[in-house]
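Numbering (our numbering) for the sequence shown: 1 to 227. C-beta atoms are modelled at their ideal positions from N, C-alpha and C, and glycine is treated no differently.
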Amino acid sequence: MPITNEEGKQEKQDYIINRQDLVATTANKQLNFMQHIKTLLKINGEAAVVLPDNVLFEGGAGETIRKELLKTTELHTILRLPTGIFYAQGVKANVLFFDNKPASKDPWTKDVWIYDYRSNISHTLKKNPMSSADLKDFVECYHPENRNKRVETWSEANPEGRWRKFSYDEIIERDKTNLDIFWIKDKSLTDLDNLPDPDVLANEIIENIEAGLNSFKEIMETISIEE
1 MPITNEEGKQ EKQDYIINRQ DLVATTANKQ LNFMQHIKTL LKINGEAAVV LPDNVLFEGG
61 AGETIRKELL KTTELHTILR LPTGIFYAQG VKANVLFFDN KPASKDPWTK DVWIYDYRSN
121 ISHTLKKNPM SSADLKDFVE CYHPENRNKR VETWSEANPE GRWRKFSYDE IIERDKTNLD
181 IFWIKDKSLT DLDNLPDPDV LANEIIENIE AGLNSFKEIM ETISIEE
């Protein structure tokens, strides 16, 4: 956030939240938000939190927080959301579903189920907004009545299946405990005869450019502050 320094000039400052009840200290607001949500949950309390992609793969504090989340909660589901459903351009987000658990020497997360509702899916706010009907298959796969009865739709025979399970051991062995997992091939790269409509492609290009510009601006602001 911008502040005025002793010389009367504006500069950007990232406040690092230092709380004893948080696992890691970081300036990343999304990681702090997830940690804060967990502290609010009672034992066996349930949460479904919308978070951007960087929470799934950022190193350092991000890795520490993900490992702690896998250990102290049952992180049972991740829903990968498509772009084009938020007003902010280029936002890639996920819904993390987890249940808080009491202290234990063994990790509470045994399997993480991931539903990929992003690969080869396009939405726009005006022409093709996402509706609850679009998530009907996810709800059926989620099996809210009894999560123990879940069945993968992905298999070697069906590599396009959007519902896939990953064990705790598989995830913990990934570099930086990366939870940004996908397996469905991008058809736009392999099937040139079935490209999205030009306006959808144009919007995706604009979203990617704006997201890149925003990241570049943040880097430049950081460099300016350090100088």
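The beta carbon of Thr26 lies closer than 6 Å to those of Ala61 in the same chain, with the five residues before and after it left out. When C-alpha distances from Ile43 are compared across Leu22, Phe86 and Asp99, the shortest belongs to Asp99. By the neighbour-count definition (other C-beta atoms within 10 Å, threshold 16), Pro198 is an exposed residue.
With distances taken between CA atoms, Asn54 lies nearest to Ala93 out of Tyr87, Leu81 and Ala93. Counting along the chain, Glu170 sits inside the alpha helix (DSSP H) bounded by residues Tyr168 to Ile172.
The C-alpha of Asn146 lies about 30 Å from the C-alpha of Thr64. Residue state for Thr39 is assigned as helix, using DSSP reduced to three classes. Shown here, Asp175 sits in a helix according to DSSP, grouped into three states.
By the Cβ rule, the segment 140–160 does not count as touching the segment 80–94, because fewer than three pairs are nearer than 8 Å.
When secondary structure is reduced to three states using DSSP, Ala133 falls in the helix class. In terms of Cβ geometry, Asn32 and Glu58 do not form a close pair [threshold 8 Å].
In this structure Trp108 is not in contact with Thr77, their Cβ atoms being roughly 14 Å apart against a cut-off of 8 Å.
Taking the C-beta atoms as reference points, Gln35 is found nearer than 8 Å to Leu22.
As for any alpha helix (DSSP H) of minimum length 4 sitting wholly inside the segment 105–157, the runs are 136–142, ordered along the chain. Note that the C-beta distance between Ser122 and Asp186 is not below 8 Å.
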